[in-house]
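> Have a look at this one.
There are 2 protein chains.
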Amino acid sequence: ANQGDELRALMDSQGDKKTEQSSNDVFRILVATDNHLGYLENDRIRGNDSFRSFEEIFRIAKASKVDFVLLGGDLFHDNKPSRATLVRASNILRKYCLGDDPVMFEILSDQTINFPDTACVNYEDPNYNIGLPVFSIHGNHDDPSGVGGYSAVDLLGCCNFVNYFGKATNINDIKLFPILMQKGTSKLALYGLGSIRDERLHRTFQSKKVQWVRPAEDKEDYFNLFVLHQNRLRRSQYYKNAISEAMLPGFLDMVVWGHEHECLIEPEESLGKNYFVSQPGSSIATSLSQGETRPKHVGILEIKGDQYRLTKVRLKTVRPFMMRDVILGEVEDLDDSGVLKYLEVIVEEMLENIRNDYGIETAFTKETMPLIRIRVDHTGFKKISPSKLGQNFVGKVANHDDIVSFHRKAQKKDSDGKSLAQIEIDNLLASRDDYKTPIHGRVTKHLKISEDMSVLTDKTIADYVQCFVEKMEKCAILDGFEKEVEAKKKALVMDRSINTKKDIDSIVADKLIIPEQDDQLLVENGDEKIMEIEDEPSLSISAPLSRQSQPSRQVRRSQRSERSQRNREVVVVEDESGSDYVPAGVLCDDSESISDAKEIEPSSRSSCSKPPSRS
Amino acid sequence: ANQGDELRALMDSQGDKKTEQSSNDVFRILVATDNHLGYLENDRIRGNDSFRSFEEIFRIAKASKVDFVLLGGDLFHDNKPSRATLVRASNILRKYCLGDDPVMFEILSDQTINFPDTACVNYEDPNYNIGLPVFSIHGNHDDPSGVGGYSAVDLLGCCNFVNYFGKATNINDIKLFPILMQKGTSKLALYGLGSIRDERLHRTFQSKKVQWVRPAEDKEDYFNLFVLHQNRLRRSQYYKNAISEAMLPGFLDMVVWGHEHECLIEPEESLGKNYFVSQPGSSIATSLSQGETRPKHVGILEIKGDQYRLTKVRLKTVRPFMMRDVILGEVEDLDDSGVLKYLEVIVEEMLENIRNDYGIETAFTKETMPLIRIRVDHTGFKKISPSKLGQNFVGKVANHDDIVSFHRKAQKKDSDGKSLAQIEIDNLLASRDDYKTPIHGRVTKHLKISEDMSVLTDKTIADYVQCFVEKMEKCAILDGFEKEVEAKKKALVMDRSINTKKDIDSIVADKLIIPEQDDQLLVENGDEKIMEIEDEPSLSISAPLSRQSQPSRQVRRSQRSERSQRNREVVVVEDESGSDYVPAGVLCDDSESISDAKEIEPSSRSSCSKPPSRS
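Sequence lines, in order, name chains A and B. For the first sequence, position 440 (counting from the first letter as 1) is numbered 440 according to this note's numbering, and the numbering increases by one without interruption. One rule links them: number in this note's numbering = place in the second sequence (from 1) + 615.
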C-alpha cells in the first residue's frame, strides 16, 4: 500500500494535463545502486533475488515515467558474470529499455568523450528503439580488468542496453567530463566515477589530480549531479581507505553514493559543503549485517532548474531480513544444554515479528522466506552447530544454515577522536561485502620469498593470485609478472648509469627470464632517456564538448538531433577549490586559474578532443 | 586479385538490373564455420587473427549482398569467452548486421519453436534495425553448460545480434524442427543441430531417436539444408566417435558440415545418398596440422527452387601457414651438430616459398608473418630446443617458439579395412583441436578411489574436474556431485524393494552427505514408482509452425509481417528412413507413418506448440 501510494503521488504529480507543460522542464531520474545481479545465483531459494528486485526497479521506472535510470555500480556481483546472469540481465533490460516511449532530453556534450567506445548515447543510435535509457558506472565488483580493461558493464554497453560512463583511463590523473543534458529549460551536468580502489583514489584526490571539467557557457545554469562508488566517510577526517565528503568540490548540487549497502536514500546535507548526498543502498542484502536490515528503496529524483525533489519508493520484492544480538551470559538460568532451545525460541519470535511487519498470513513461500541473523556473544558457553539450529527452519528461513554467528565479548571502545574514526571505519567496512579472503596470508606463507627478490615481492604475487582466484582472470599471474618486469625495466631506464637496452636486459636477466619483447623500450632522446608513458586522456580539455554533425547518420527522433547541434558548450576545468581554467592546448601542470574560455573551430576540435581509444 | 574476381563475378550475377527480378527468387547465403573468436587472444602477434578474419567474412557478406549468414558452430573458442572477446565480437556484429538493408526473405515456421528464448527471428523485432541476419548453431567449444544451459552464442542471441538455433533439449530424443523460409518462389527448410558429444549423438542416431520434422504442405518444394558440428566420417563405416554421412536422411539436399577445420567447401556428393556436403573449414588455424594448411574459404550458397550453386571466396586475412615433414635419418651427411642449421635452412626455404605464393615483397608484418610447422622424425638423433631454432625467426615466423615438433619413426600401417577406418579416424582426430589434456589420468592417479564407491567413480569425478578446469565452471564439481546423487536416487527409485523417499535417503546417506532437497522426488503412482523426468520438448509436433498474429507488435517492414501471417505450414515428422507421420496430439512411441496432416486451430495451437522454456 505504501509503495502504491507513493507511486500514485508520483503519477499525480505529472499525469495531470495542466502540469504537463511544466513537467517538460523536469528531469525525472530513477536512482538505484548495487543490484549485484547473479548474487547466490546457484542458491535454490535465493538464486532469483537479485533479478527479481532488478526487474521491480525497472517496473517502477516505467510506471513513474522517468527520463532515465541512473545506477551507481555493482550492477553485477561477479567480475565475470555467468552466462545465465548475463542472459537474464539482458532479457530484463531488453524488456524494459527498448520500445517506443519518447526520450525527452538531449545530450549537449561531446558523446565521443562521454562514451568513448560507442561514441553515442544509446537512444540516438538509429538502429535501436530505446524507450528508457540507463546510465551506469561500474562498482568494485564489476570493475574493469583483464585484456582490454573491460568491465562486465561494457558487455551491456556494446549491445546498447546501457550507457556506461565514468571509467577513468588514468587513475593517477582523473579528469571528470560531465554528460551535459537538457530537458526543456532544465540543464543537468551528470558526473560519474566508477569504482577505484579507495586508497588509490584517496591518493589521487590528495595530490589534487582529480579535475572536474565544467561547462564554460551557462555553467551556473546546470544542476551538478555526481555518482560514485566508494567507501563513504561522512565525518571530515581523512582516512586513506575511504572518500570523505569534504574531498568533493563545492559546486556539486547532489551526490548519489554507491557501494554502501545501507539505504540512506533521503538526501542529507554534506558537512561544510553545499551539496546533498543520497545513498540509495543495495537492492539486495549481500551480507548479513546491520546496514542491510534497513528497508530497501530506490529514489525518483526530480530536477527542475536548481531545485530538486527526491521521492523514495520502497522495493517490495526484497526478502525480509531481521537481525538480533544475544549475549548468552546475560540470560538467566541458561547452561550449554539449553542454548539450542533458547535460540530456537528467538528465531520463532523473530519470524513472528516479520509476519506482523510484512503482513504475511500464510506460510512463507520461496519468495517471502526471510533472512535471519542472530549474533551470539557466547562468552562462557560452547558454540552450537549452526546446521543443528538450521534444520528446524528449513522452508521457514532462507538462510537456515547460517542463522547464528558467534563471537566473544565485545572489546571496550576508546573515546578519543582518532579511535572513533577508526571505529566508524571498522563498522563501515564490516557492513560491506568487500572480499576478505586470506589469500595474501597464504601466499606469503607458502612463498617465503628471499629478501633479495627485487622485482616480484610476496605482496605483488599475492595481488595477482587474488585476481586470478577472485576475478577468474586466467592470465592474471602471467600478466602481472610481465607488468612487474616492465616496471622494473622502466625504473632501470631512469637510472643514468645504464645506457642500452642490453644493459637492462642483462641486469634483469640475472634474476628473471624475460618474456619476448616486440617493442623497443628505450627512446633515445639526447642524454635524457625518457620512457614512452601513457599519454593523458586528452591534451585539449578546453575543446567544446558538443558533438559534430554527422550527416551520414540517420537519427529517428529528428528534433533531438537538431537540438544536439544547436548548443555548443565550451568547457573549462575546475580544480578542487572551484576555480576555472582553460589550458592552452596542453594541460597545465598546476591548477592555476585562467579565465576566458575560447571556442575552438570544429575542425581542430575533432582531432584533439577525442581521448585515445583503450584498445 | 583472386578474391576480387570472385566477388566481382558474384556482384555481376546479381547487380545487373535485368536479373533483379529473378534474383528475388534466389536465396543467397554466406556459409562459414569455426571462427574461434578469442583464439590466442593474449598472443601479441596472433591475438587479433580470429577477429580479423571474422570481420572479413562480414565484409564479404555485405559486399555479396547475401540474405543471411549461416555459421556452423565454434563461433567462440572459449566456452566462457573473455569480456574482451565478447565486446569485440559484438562490435563486429553491430557494425555489419545492423542497418537499413532490406531483408528479403520471410520465416514461415513457428518462431517460438525455432527460437525458444526470443520467440522471434532477430530482424522482426520492431526495436531493432537488422540489415543482415545471422543464423548460428553452437560448436563443441561454445556448447551450452553451467546454470541454465546457456551457450556463449546465447549471449549474442539475447542482445539480438544472432539467431541461435539447433540447441537440442533432450540429447536422447532429438526432434529437428526446420526454420522454414521463403524468398520469392524459393522455399528453404533450414535444419540445424548444435554440437553434441559424438558418442552420445551417434548412439541417439543408432537408436533411431533423431527425428526430422518436415513441412507437411508442399514439402517437395523445399530445399532442405542441414548444418551440424560433429566429427565427420566420409566412409560408410560406423564409428562411434563420429557421425557418418550415411546416418543422415536422404531427403536432405545439402549439408554444411562444421567442426572439421580443413576447408573442403566445394560440395561433394555423399556416398549412397542424394545430398551434397560442403565443409567450409575454420577461418583460423587453431592447430598446426595438415588440414589447416589448406587455403581458407567461405562460400556464397545460392539456392533457387531445387537448384543450388556455391561460389567459394578465399579469405585474404588468414595468416599463411606451411607445413613440412622431415626425416633426419634420410638426410645425407647429417649428425647431431648439424640439425639446427639444417632446420634453419628449411625454415628459410619455406619462408621464401610463402613470399612467392602470397606475393609478399616487403618484410613480414605482424599480419603477414606466417605459421611454420616442421614435423621432424628424429629417429637416431637428439632433439633440439624449439626455442633455440625459434630465436632466429622472431619477427619472421608468428609461432617462432614452436616451429618444430619431434616424433619417432612412423609405425607401419595395417591394410585391412577396419584398421584403415581406425587410421582415418586417428588422422581426423589428430587434425582437430579437441581438448587433449591429461586431466583424467591425473585425477585417477590422485584419487585412488576404492572399488565400493558406487555413486562417484574416478571417471565421473575426472569429467567434472575437466569441466571445472576447461570450461571454467566454478560449480562444475559440486553440480556434478549433486547430479550423480540424483541419478543414483533415481536408480534406487526404480528398485522395487524400496518404497519411500526415506529408504532411498538412508541408503544413499550410507556413503554420502545429501545436499538439501526442495522437491519431492518420488511420484506415488499405484505400485509403479515413476520419476518425474524431463518432458519431451513438444508433445504436439504436428501443430502448424506459423506464428500467431501479434497485434500489439510494431513491425517496421510491414510487407514482411503480412507475408508471415499468410502461409500456414503444417509439419510432419520424418524418421531416418524418410517416411512421414503426424502424431495425433501426442508423439507416438514408434515412428510409424501416418499421412493426412491436419491443421489445428490457432487457439489450441498456442497452448501446445511452444516447448517448455529452459529456465
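Glycine included, every Cβ here is placed at the ideal spot set by N, Cα and C. Source: prediction; values computed, not measured.
For A/Met472, would you say it is in contact with chain B, using Cβ-to-Cβ distances shorter than 9 angstroms as the test?
Interface residue, yes.
> Between the alpha carbons of B/Cys735 and B/Asn729, how many angstroms are there, rounded?
Approximately 8 angstroms, taken between the alpha carbons.
> Do the CB positions of B/Leu867 and B/Asn839 come within less than 9 angstroms of each other?
Going by C-beta atoms, B/Leu867 is nearer than 9 angstroms to B/Asn839.
> Measuring alpha carbon to alpha carbon, tell me which of A/Ala398, A/Val493, A/Leu492, A/Ala462 ends up nearest A/Arg43.
Looking at the sequence provided, one finds Asp at residue 43 of chain A rather than Arg. When only C-alpha atoms are compared, the closest one is A/Ala398.
> Just the C-alpha distance for B/Ile794 and B/Pro830, rounded to the nearest angstrom, thanks.
So the alpha carbons of these two residues sit roughly 10 angstroms apart.
> Please list, in chain order, the residues of the region 153-164 of chain A that have any C-beta partner in chain B closer than 9 angstroms.
Answer in chain order: Asp154, Leu155, Leu156, Gly157, Cys158, Cys159, Asn160, Phe161.
> In whole angstroms, give me the CA-to-CA distance for A/Phe27 and A/Pro116.
Each residue's alpha carbon lies about 25 angstroms from the other.
> I'd like the list of long-range same chain contacts for A/Arg200, defined as Cβ closer than 7 angstroms, with 5 residues on each side in sequence excluded.
Result list for A/Arg200: Ile171, in chain order.
> CA-CA distance, A/Glu624 and A/Pro295?
Because chain A here runs from 1 to 615, residue 624 of chain A falls outside it and cannot be looked at.
> State buried or exposed for A/His446, treating a residue as buried only when at least 16 other CB atoms are found within 10 Å of its CB.
A/His446 is exposed by the Cβ-count criterion.
> To the nearest whole angstrom, what separates the beta carbons of A/Pro280 and A/His297, a pair I think is in contact under 8 angstroms?
Between A/His297 and A/Pro280 the Cβ distance is about 7 angstroms, and since that is below 8 angstroms, they are a contact.
> Does B/Glu860 come within less than 9 angstroms of chain A when only Cβ atoms are used?
With 9 angstroms as the cut-off, B/Glu860 does not count as an interface residue toward chain A.
> For B/Ser705, return the contacting residues in chain A, with the cut-off set at a CB-CB distance below 7 angstroms.
The contacting residues are Cys158, Cys159.
> Cα separation between A/Lys65 and B/Pro759?
Those two C-alpha atoms are separated by around 38 angstroms.
> Thinking B/Phe750 and B/Phe683 are a contact (beta carbons under 8 angstroms), I'd like their distance in whole angstroms, please.
That pair is a contact at about 6 angstroms.
> Would you say A/Asp117 reaches chain B, if we count a Cβ-Cβ gap shorter than 9 angstroms as a contact?
Closer than 9 angstroms: yes.
> Going by the DSSP bridge assignment, what does B/Gly914 pair with across the sheet?
According to DSSP, which records beta bridges pairwise, B/Gly914 is partnered with B/Val646, B/Lys927.
> If you drop the 5 nearest sequence neighbours on each side, which residues of the same chain put their C-beta closer than 6 angstroms to that of B/Gly944?
Around B/Gly944: Thr994, Gly995.
> Tell me which residues share the same chain as B/Glu884 and place their Cβ nearer than 7 angstroms to its Cβ, disregarding the 5 neighbours each side in the sequence.
These residues qualify, in order along the chain: Phe891.
> Which word fits A/Val318, buried or exposed, when buried means at least 16 other C-beta atoms lie within 10 angstroms of its C-beta?
Buried is the call here.
> B/Ile918 and B/Ser1020 look like a contact to me (Cβ under 8 angstroms); what is the Cβ gap, rounded to whole Å?
About 42 angstroms separates the two Cβ atoms, so there is no contact after all.
> Thinking C-alpha only, which one of A/Asp25, A/Ala84, A/Leu30 is nearest A/Ser50?
Residue A/Ala84 is the option with its Cα nearest to A/Ser50.
> Please go through the same chain and pick out, in chain order, the residues whose beta-carbon is closer than 6 angstroms to the beta-carbon of A/His202, but skip the five residues on each side of it.
Around A/His202: Lys240.
> My output table needs one value for A/Ala543: the three-state DSSP class, helix, strand or coil.
With a pLDDT of 31 at A/Ala543, under the threshold of 50, the modelled position of this residue cannot be trusted; read the value that follows with caution. It is coil, neither helix nor strand.
> Can you give me the Cβ contacts of A/Asp25 inside the same chain, cut-off strictly under 8 angstroms, excluding the 5 residues immediately before and after it?
So the qualifying residues of the chain are Lys183, Gly184, Thr185, Ser186, Lys304, Gly305.
> Would you kindly work out how many angstroms separate the C-alpha atoms of A/Lys471 and A/Tyr358, rounded to a whole number?
Near 37 angstroms, if we compare the C-alpha coordinates of A/Tyr358 and A/Lys471.
> Under three-state DSSP, which class holds A/Gln211?
In the structure shown, A/Gln211 sits in a strand (DSSP, three-state: E or B).
> Who are the near neighbours of A/Pro370 in its chain, counting only those whose CB is closer than 6 angstroms to its CB and skipping five residues on each side?
Pro320, Ile354, listed in sequence order.
> Could you tell me which chain B residues have their CB closer than 7 angstroms to the CB of A/Ser82, listed as they occur along the chain?
Those are Gly761, Val762, listed as they occur along chain B.
> Please compile the residues from chain A whose C-beta is within a distance smaller than 8 angstroms of the C-beta of B/Glu656.
Simply Val147.
> Listing by chain order, which chain A residues have their CB less than 7 angstroms from the CB of B/Leu713?
What B/Leu713 touches in chain A: Asn127.
> For chain E, check one thing: does any of its Cβ atoms lie closer than 9 angstroms to the Cβ of B/Asp992?
The question asks about chain E, but that chain is absent: this structure's protein chains are A and B.
> Among A/Ala152, A/Ile137, A/Pro133, which has the Cα closest to the Cα of A/Leu193?
Of A/Ala152, A/Ile137, A/Pro133, the residue nearest in Cα terms is A/Ile137.
> In terms of residues, what are the limits of the beta strand (DSSP E) holding B/Asp940?
Note, B/Asp940: beta strand (DSSP E), 936-942.
> So is A/Tyr150 in contact with chain B if we call contact Cβ pairs under 9 angstroms?
With 9 angstroms as the cut-off, A/Tyr150 counts as an interface residue toward chain B.
> In its own chain, which residues sit with a C-beta less than 7 angstroms from the C-beta of B/Tyr957, not counting the 5 before and 5 after it?
Here the set comprises Val946, Leu949.
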